[in-house]
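Numbering (this note's numbering), first residue to last: 3 to 554.
Using N, Cα and C, we set each Cβ at its ideal position, and we do this for glycine too.
Because the structure is a prediction, the values reported are computed rather than measured.
Quick notes on the structure that follows.
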Amino acid sequence: MPHHSFRRFFLPLFAIMVLMLVALAPQQASAFSDEQLRQNAEQLNAKSSTKKLDVIEKMAADGDPRVAAILEAMLDGDLYASKADDKVVIGKKQGKVWQHIDVVSGAVTGESGSADLDKIRINNRLRGALRDALATLNLFSPDLAIRRAAVETVMDTRDPAMAPLLQRAIERESNPDLLARMELAKATMALAAGETSQERLDAIDILASQTTPQIRAVLLQFVNAAEAENYDPKVVAAAKDAVASVESRLKMWQTGGDVYRGISLGSVLLLAAVGLAITFGVMGVINMAHGEMIMIGAYTTYAVQQAFLVFWPAGIGWSLAVAVPVAFLVSGGVGVVVERLIIRFLYGRPLETLLATWGLSLFLQQAIRSIFGASNRQVVAPDFMSGAIEFSTGLVLTYNRLWIILFSLIVVGGIAAVLRYTAFGLQMRAVTQNRRMAGSVGIRTGYVDALTFGLGSGIAGIAGVALSQIDNVSPNLGQGYIIDSFMVVVFGGVGNLWGTVLGAFSLGIVNKFLEPVAGAVLAKIFVLVALILFIQKRPKGLFALKGRAVEA
């Protein structure tokens, strides 16, 4: 009985002790003792660069996180040897003296003048070795961002010598996303330096499931090397299939990116054209100064931001929100003045209207140059419009473009609501369809004309607020959008708001699909030629207004 009790008690205890020793063994073997670390640091003061290189590789291979501080100091030129005792220390200048920081404990052990220290010199070869070593050691950093950057460095270098440390980092990693990235880095190493065909096939299976330009480049590089060195045909075939699979998925993402960029361009065209849809589409006025109304809105945004910087710097993030109504009022006010002083005398005379508004555009540009100068003005984006959503496939969705897309739809929805559900909208449509009848029932046609032109100009000013976030605020800002705005309005249907929406997004998407093939300039030419041919077939655009008054 005592014998059985002994076994029942001590055997489980012995098993637990063995398991603890096994579990602790990697940690004990993975770090230098203080004395070993100090000895290795002393050897970094060797005269031979080859000796220094061997010590760097030895220290990096162990994975001791304390080594990173020593190697980083050496790379930055902060590692010194004391002339008194040849002791290697990290030197930090404090005023006129240099503090001696112990390489093991990190504590300040003394101070001296610069004449008492010899800097440990490095050459380009050692500098590259130090960078690689630090990238490897950063795999064990407690900072997730540093570990992630280290994994990306390993992915770029794909040095087979890093494989043991990478495996150790995989065993320690707790973050699932970073762990998956480490496994991917391990697969790229196995692909390049696998000892058997099966290792490479397993690596190809892992890489083929990814959809990134980086993995495509890795696979293409391997295929070229494999064909040149007569690798196993099964491996080469599998790699080629993987390349085709990755490229097909990347092509789909590229198409999605082209659609997004087309919608983004379309939203910009929509903002620029929606005001013209009222002044030209509804009123029939060919306003060549429409681009300058956009410019006035952009400069109003700049002026509002400068006012915030002077009177309320802490609230600079609100400047863009305040600039929207201010730009609408300023550009709209200019539009009302222009209509009362110039346009109202030229209704029904399109050629004179075109020439007069073209001259007005030159006058407004010169006025802005006289007030603000000819150089570009910078408008700072608020925090919520800064940054982007980045996908591993290479697609980038910038926040400023996303906000402009949303903003353009809100503006169009607001205009549609004004035209449909307000008394002013009803009067505007009445004057547009039959001016004489509208006047006979008591509508002040001149008042409606002025407000309608002011509304179109004010919306152009709002467009200038948005465009100030993605374009240069300069006196020539509006010139880049006037022709495109007319194209959008004519293509969508003169006087049709929803036709303008569809026309803007259609032209934007077509442009972005043509640009990779024909280039930006030829793409615009192709679109213009296609629009001219389209108008020959449908002179009134996609959605022509209907009704007896229009037909008359």
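Asked, Found
"When you compare only the Cα positions, how much space is there between residue 482 and residue 308?", "25 Å"
"Enumerate in chain order the residues of its own chain whose CB-to-CB distance from residue 332 is below 8 Å, with the five nearest sequence positions on each side excluded.", "298, 299, 302, 463"
"Under 9 Å between the Cβ atoms of residue 345 and residue 355?", "yes"
"Expressed to the nearest angstrom, what Euclidean distance is found between the alpha-carbon atoms of residue 383 and residue 295?", "21 Å"
"Please say whether residue 90 and residue 135 have beta carbons closer to each other than 9 Å?", "no"
"Using the three-state DSSP reduction, which class does residue 545 fall into: helix, strand or coil?", "coil"
"In the DSSP assignment, the beta strand (DSSP E) including residue 120 goes from what residue to what residue?", "119–121"
"Do three or more CB pairs link the stretch 256–274 to the stretch 494–513 at distances below 8 Å?", "yes"
"Can you tell me which of the three DSSP states residue 540 falls into?", "coil"
"What separation, rounded to the nearest whole angstrom, lies between the Cα atoms of residue 31 and residue 63?", "Because the pLDDT of residue 31 is 38, which lies under 50, any placement of that residue in the model is unreliable, and the number read from its coordinates should be weighed accordingly. Approximately 11 Å between the Cα atoms of the pair."
"What are the complete alpha helix (DSSP H) segments, minimum 4 residues, inside the stretch 361–447?", "401–423, 425–435, 437–442"
"Over the uninterrupted beta strand (DSSP E) stretch that includes residue 223, give me the two end residues.", "Premise fails: residue 223 lies in the alpha helix (DSSP H), 215–230, not in any beta strand (DSSP E)."
"Quick one: which unbroken alpha helix (DSSP H) runs of 4-plus residues sit fully inside the stretch 147–183? Chain order, please.", "165–174"
"Is residue 391 buried or exposed, if buried means 16 or more other CB atoms sit within 10 Å of its CB?", "exposed"
"Taking DSSP as the reference, what is the three-state secondary structure of residue 98?", "coil"
"Which runs of the alpha helix (DSSP H) fall wholly inside the stretch 259–344 and span at least 4 residues, in chain order?", "292–313, 321–343"
"Starting from residue 205 and walking both ways along the alpha helix (DSSP H), at which residues does that stretch end?", "199–210"
"Check whether the Cβ atoms of residue 409 and residue 319 lie closer than 9 Å to each other.", "no"
"How long is the line joining the alpha carbons of residue 213 and residue 380, rounded to whole angstroms?", "38 Å"
"If the criterion is Cβ atoms closer than 9 Å, does the pair residue 456 and residue 335 meet it?", "yes"
"Can you check whether the CB of residue 92 is closer than 9 Å to the CB of residue 104?", "yes"
"Assuming contact is defined by CB atoms lying nearer than 9 Å, are residue 191 and residue 168 in contact in what I supplied?", "yes"
"Using the Cα positions of residue 287 and residue 258, report the straight-line distance between them to the nearest angstrom.", "38 Å"
"Identify which residue in 494, 525, 253, 69 has its Cα closest to the Cα of residue 541.", "494"
"Counting Cβ pairs, one atom from each stretch, are 3 or more of them under 8 Å apart for the stretch 237–248 and the stretch 201–210?", "yes"
"Distance check for residue 130 and residue 83, CA to CA, integer angstroms please.", "22 Å"
"Three or more C-beta pairs closer than 8 Å, one from the stretch 151–162 and one from the stretch 173–188: is that the case here?", "yes"
"How should residue 88 be labelled, buried or exposed, when 16 other C-beta atoms within 10 angstroms of its C-beta is the threshold for buried?", "exposed"
"Name the DSSP beta bridge partners of residue 103, please?", "92, 110"
"If we ignore side chains and look at the alpha-carbon of each, how far apart do residue 72 and residue 193 end up?", "33 Å"
"Taking residue 343 as the reference, give the member of 227, 265, 448, 422 with the closest Cα.", "448"
"Specify the secondary structure class of residue 135 as computed by DSSP and reduced to three states.", "helix"
"To the nearest angstrom, how far is it from the Cα of residue 544 to the Cα of residue 227?", "55 Å"
"Apply the 10 Å Cβ neighbour rule to residue 359 and answer buried if 16 or more other Cβ atoms are within range, or exposed otherwise.", "buried"
"Comparing alpha-carbon positions, which option in 124, 96, 197, 98 lies nearest residue 55?", "124"
"According to DSSP, is residue 83 helix, strand or coil?", "strand"
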